[in-house]
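Presented below is the structure to which this report refers.
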Amino acid sequence: MVGPLILSASGCVAFLAWAARGRSSSVFAPSVWRGSADRREIALTFDDGPSESTPQLLELLDNYKIKATFFQCGMHVRRLPEVARAVVAAGHEIGNHTDSHASLWFQSELFMRQEIGRAQDSIFASTGVSPTLFRAPYGVRWPGLGQAQQEFGLLGVMWTTIGRDWALPAPQIAERLHSGAVNGAVLCLHDGRERQVKPDISATVEGVREALPRLIDCGFRFRTVTGIIR
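Below is the structure:
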């Protein structure tokens with residue numbers, strides 16, 4: 000009996016891990032991770048901002064007339080409301096990334112509602128925008144998140160490819176973006192670093208700078224997340 004019990008327990012753990020972190024999972028909350036495979040379109044997304052360096056990305060994206068989706072943390076929006084407003088003024092989409100970038104592992108529904116609600120309020124107060132998209136910190140979903148998302152009218156968003164731009168140098172970031180770009184891909188990057196003040200995102204900026212001409216040469220058009228899942 001011990002063997003089957005161990006296998007059963009292992010299977011439960013594996014399922015729970017996939018339900019919480021799997022990019023295609025909607026077990027705990029409705030979520031999307033890519034757009035249509037029939038259209039030569041991709042979406043750039045940036046998490047953890049706004050930061051002092053977000054304007055560098057805004058300038059770069061503007062040079063290519065590209066619109067992206069920025070998943071912002073309430074704590075950083077309150078700290079840098081003018082940067083959050085600049086993102087909106089530049090025509091980009093804003094999503095909710097919780098208030099304090101706390102992991103949702105083993106958290107209560109009340110905790111998730113508070114984290115999401117504070118961020119939603121801060122983003123609206125600073126920009127006049129009420130986000131309709133939500134990305135969980137670290138991509139972790141947990142029971143109760145679906146109810147919290149529903150309360151605030153939010154659709155969860157995962158990613159097709161993540162740039163690992165918090166750890167890799169620019170050339171490797173660019174290569175991950177290029178190799179992971181397929182029709183309908185949602186590419187995940189960062190214009191902040193969790194709770195850090197004045198984070199160094201130079202590798203992200205340079206990685207995107209290197210990747211954009213290659214992606215354009217491959218025939219990709221850039222959309223916001225809302226645009227790509229339409």
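With numbering that gives the first Met the number 0, the residue at position 43 of the sequence shown is 42, and numbering never jumps. Glycine is no exception: its CB is placed at the ideal position from the N, C-alpha and C atoms. Please read all numbers here as calculations on a predicted model, not as lab measurements.
Task: Close beta carbons around Leu188, own chain, < 6 angstroms, minus the five adjacent residues each side - done: Phe45, Gly162, Asp164, Thr203
TODO: Check each candidate in Ile93, Asn182, Arg22, Asp190 and name the one with the smallest Cα separation from Glu40.
DONE: Asn182
Task: Runs of beta strand (DSSP E) lying entirely within the stretch 25–55, each at least 3 residues, in chain order - done: 40–48
Open item on the list: For Cys247 and Met111, what's the separation of their Cα atoms in angstroms?
Closed with: The structure shown does not extend to residue 247, since the chain spans only 0 to 229, so no value can be given for it.
Open item on the list: Counting beta carbon pairs with one atom in the stretch 140–153 and one in the stretch 165–178, are three or more of them shorter than 8 angstroms?
Closed with: no
Task: Cutoff 6 angstroms; reference Ser99; Cβ partners in own chain excluding five residues on either side - done: Met74
TODO: Output yes if chain B places a C-beta closer than 8 angstroms to the C-beta of Arg175; else output no.
DONE: Looking at the structure shown, chain B is missing, and only one protein chain is on hand.
TODO: Report the rounded CA-to-CA distance for Gly48 versus Gly191, giving the unit in angstroms.
DONE: 4 angstroms
Open item on the list: Is it the case that the stretch 14–24 contacts the stretch 144–155, given that we only count it when at least three CB pairs across the two stretches are under 8 angstroms?
Closed with: no
Open item on the list: Distance check for Ser9 and Arg78, CA to CA, integer angstroms please.
Closed with: 44 angstroms
- [ ] Measure the beta-carbon distance from Ala118 to Thr97 and round it to whole angstroms, keeping in mind my assumption that it falls under 8 angstroms.
- [x] 5 angstroms
TODO: Verify whether the separation of the beta carbon atoms of Val83 and Ile122 is less than 8 angstroms.
DONE: The sequence given here has Ala at residue 83, not Val. Yes, these two residues count as a Cβ contact at 8 angstroms.
TODO: Have a look at Thr160, Ala135, Thr159 and flag the residue whose alpha-carbon is nearest the alpha-carbon of Gln148.
DONE: Ala135
- [ ] My understanding is that Arg33 touches Thr223, with C-beta atoms under 8 angstroms, so please give their C-beta distance in whole angstroms.
- [x] Incorrect: roughly 14 angstroms between the Cβ atoms, too far for contact.
- [ ] State the DSSP-derived secondary structure class of Asp156, mapped to helix, strand or coil.
- [x] According to the sequence shown, residue 156 is Val rather than Asp. Of the three classes helix, strand and coil, the one that applies to Val156 here is strand, per DSSP.
Task: Gln95 to Gly138 span [Cα, whole Å] - done: Note on identity: in this sequence residue 95 is Asn, with Gln being the wrong assignment. Rounded to the nearest angstrom, the two C-alpha atoms are 13 angstroms apart.
- [ ] Starting from the Cα of Thr126, find the closest Cα among Leu109, Glu81, Asp216 and give me that residue.
- [x] Glu81
Open item on the list: Restricting to Cα atoms, I'd like to know which of Arg38, Lys197, Phe27 is closest to Ser107.
Closed with: Phe27
- [ ] Please name the residue in Val207, Arg194, Tyr63 whose C-alpha comes closest to that of Pro168.
- [x] Val207
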